[in-house]
Amino acid sequence: MAADELNPPLGTTTPEIFMDNVKRADRLVNGPAGTVDDRGGVPLDTWRQMMAKNDEVRQNIIPLSKQYMTLEAAQADIINIPEGSTTYYRSPDDSALAIEVINNGGTLEATGRQMPSVVTIGKKLDERIPLGDFKPSYFPLWYDRNGKVIVWCKDGYPDFSGFGENAQSIVAAIPNEWAQYHLRQFDFSPSYFPLWFDRKGKVLAWSKNGTVDFVIGESIQSQVKELVGANSSSSFIEGDQFKFIFKRGRIAAGVAGSLNVGFGMDSWGEKSTIPQALINILGGGYKDPGYISCSTRTDGVMAGITLVVTNFTKYDGDNENNNAPPPYGSGPDGNAYWNNNTVGTLTWSNVTATDLSLFYFDSTGNFTVAIDGGAPVTITGTNSGTVKKYDITGLTATAHTVVVTSSGTGVVSILCMYGKNSARTNGITVSRMGNGGAMAKDYLHWQDYITPIVTHFDLDLFFMILGTNDFRKSAGIAEFVNGLQVVIDKYKAATPGICICLVSAAQSNATGTPTLSEYDEAMRTLAIENNVNFISLYQLFPKTYDNSGGAWADALHLSDRGAYVLARKIKNEFFQE
């Protein structure tokens, strides 16, 4: 408390204050306590406390202020060295500069600690480093008691004097035949030096330009492939599925939308058998009609939609039909209808959709679009040579008839349609997008028309079923892989994050070169390289064609029973809760 805060104030001379101060002074001088509070409540050191602190300071200062030449001189001055304090006396020899002692009951005893002298430090170093003038490039590291240097450092590298008699005798006892066996005498390139070889002289591991390289056999190769997921006996490899799973989760939570699935590549994706099998195994319902192809095959009808064509020329780009790039574009499945200076019609029936997108090749001709016999809408060609889209919206959720009529002047080319049904809040949409008879290389003909159209579909999961035609027509692995890679790239460009699943062919009643197993192996390797999914029908089905149970509709195509095997596998891998 400050002096001006005392109550009564500082300087008060009342008898009460005087007597209080006398009592406090008595306690400060004669009392046993270490401190006594002043009138403001602040503790003051008593006389005993001050003497104790002085003695503590004395114990620390005296040993430091007084140094002794001998132990006897220090002992004679013991009265000035407090109990428990330490001091130093000069060492009688050169072993140390000074020796520490402690007052233990009036007798000075050595603590074992010493102050080293320069001479002591020098001797310690000399014990470890031999005396002599050494070159910087030859510095001793290890020597014996006789001063013989055994190991030294030369130009930054360790070196040694050599083997002694005992070690020399051991080395000399090693037979020359043994050394020659393990140190084979060959002429080796400096870039390829053998490190490990067998009894036949086959080099298993070698050094190439300072790096180790080696070969591995078939057994290890198969183990490595199995570790990374390329096990040729597995029927499924998991790839990127995030977009598909995320959309599926949102729909399961009640968010409005369509989980869009497509089947493509050859007739296994053009026929409705496999797409319909998936719809059936998932409950039989679907949200949208999805992709509406220019294919007119009767075994490819999906959602009840049919197509009748008058005075249009069909483009089918596979090797069994046109086998050439489309003159005026095509759908992503390689199908289209076109005419030139001709009046013609394309009539789609039973189209249950509230919204339709008609894709066409913008050329020189005009055409009209009419819904259910209503007023036609004219589409005028601008000859841009690109894919364009005409949208029809606001339809009722009932079956409609869509008629496209060419004007008879110029080129008109219709590629495909895509339908949506907004009356159904959410669900799954399954589209057939294959091309019957197609091999992988056929897709190179119409590859430029895949991305511009598919980008409008928001596909979540796309199955690429291929291999039967490449196998039976002996197309070869290189051609097969190249075509698949092109299609993978086009679909990924159309829909970033799309979940793609390659599907290898089952053994049908066909033969070819190379074997079907090699096509299966090539496809699974491609799946791993592209981080896409893979289903092996080659592994799921018998390795020999057998239709005793009715799994095949004919020699090349699965029946609805056979399609169930694939649909079940898809459900287990992609739709299992």
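Quick note on numbering that gives the first Met the number 0: the sequence shown kicks off at 0 and runs consecutively.
Just so you know, even glycine gets a beta-carbon here, dropped at the ideal spot from N, CA and C.
Given the structure is predicted, the values throughout are model-derived calculations rather than measurements.
Same chain, Cβ closer than 8 Å to residue i, neighbours up to 5 away in sequence not counted
i: P7; result: T13, I16
i: R471; result: S507, A509, T510, G511, L555
i: D93; result: S116, V118, T119
i: A398; result: G303, S348, N349, V350, T351
i: P157; result: L140, V150, W151
i: V35; result: R23, R26, L27, P42, L43, T45
Sequence-distant residues of the same chain with beta carbon closer than 7 Å to residue i, five excluded per side
i: A422; result: T353, A396
i: G30; result: T45
i: I487; result: I499, N529, V531
i: V485; result: Y442, L443, Q446
i: V307; result: T346
i: I149; result: W141, Y142, D143, F159, S160
i: T341; result: N310, S405, G407
i: A205; result: Note that residue 205 is Trp in the sequence shown here, rather than Ala. Hits under 7 Å: Y191, F192, P193, L194, D212.
i: L203; result: W195, F196, D197, F213, V214
i: A550; result: L557, S558, R560, G561
i: I236; result: G228, R523, A526, I527, N532, F533
i: R112; result: E99
i: S516; result: Y537
DSSP three-state assignment for residue i, whether helix, strand or coil
i: F311; result: coil
i: D36; result: strand
i: V402; result: strand
i: K286; result: coil
i: V410; result: strand
i: W46; result: helix
i: A566; result: helix
i: F456; result: coil
i: S430; result: strand
i: R423; result: coil
i: A474; result: coil
i: T85; result: strand
i: T450; result: helix
i: F574; result: helix
i: Y137; result: strand
i: V376; result: strand
Candidates the options: closest to residue i by CA position
i: S430; options: L194, P541, V453, G40; result: V453
i: V457; options: G83, G261, T385; result: Checking the displayed sequence, the identity of residue 457 turns out to be Asp instead of Val. Cα-wise, what sits closest to D457 is G261.
i: A554; options: Q506, F574, D332, P541; result: Q506
i: Y314; options: T524, T305, Y336; result: Y336
i: H578; options: G299, E108, L43; result: Look at the range of the chain in this structure, 0 to 576, and you will see that residue 578 is not part of it.
i: A439; options: D287, T467, V386; result: T467
i: S234; options: V376, L565, G496, F479; result: L565
i: D361; options: A24, M114, Y448; result: Y448
i: N318; options: G333, T305, R296; result: G333
i: K542; options: S412, T514, G482; result: T514
i: P288; options: L536, E82, V401, T351; result: T351
i: G268; options: G384, S503, G496; result: S503
i: T450; options: I497, A374, V411, E478; result: I497
i: G426; options: A255, V100, M114; result: A255
i: G263; options: T312, P331, K286; result: P331
i: G10; options: V403, T210, R38, T377; result: R38
i: N103; options: G283, R89, I77, Y137; result: I77
Beta-ladder partner(s) of residue i, from DSSP
i: D390; result: S356
i: C415; result: F358
i: T106; result: N103
i: F235; result: I534
i: L465; result: S503
i: M522; result: Answer by DSSP bridge pairing: none, since M522 is not bridged.
i: A204; result: W195, F213
i: S348; result: T305
i: L557; result: W551
i: V148; result: Y142
Chain D contact for residue i (CB, 8 Å cutoff)
i: L539; result: Absent from the structure is chain D; it holds one protein chain and no more.
Same chain, Cβ closer than 6 Å to residue i, neighbours up to 5 away in sequence not counted
i: P324; result: H444
i: G482; result: A439, K440, Y442
i: T494; result: L458
i: D519; result: S503, S535, Y537
i: D390; result: S356
i: P375; result: T367, A369
i: K570; result: I280
Residue i CB to nearest heavy atom of the ligand GTP below 7 Å
i: G333; result: Absence of the ligand GTP from the depicted structure is noted, as is the absence of any ligand whatsoever, leaving it without description.
Practice problem: Ignoring anything shorter than 3 residues or poking outside the segment 252-307, list the beta strand (DSSP E) runs there in chain order. | Solution: 256-264, 289-291
Quiz item: Which ranges would you report for the beta strand (DSSP E) in the segment 312-345 if only whole runs of at least 3 residues count?
Solution: 312-315, 334-339
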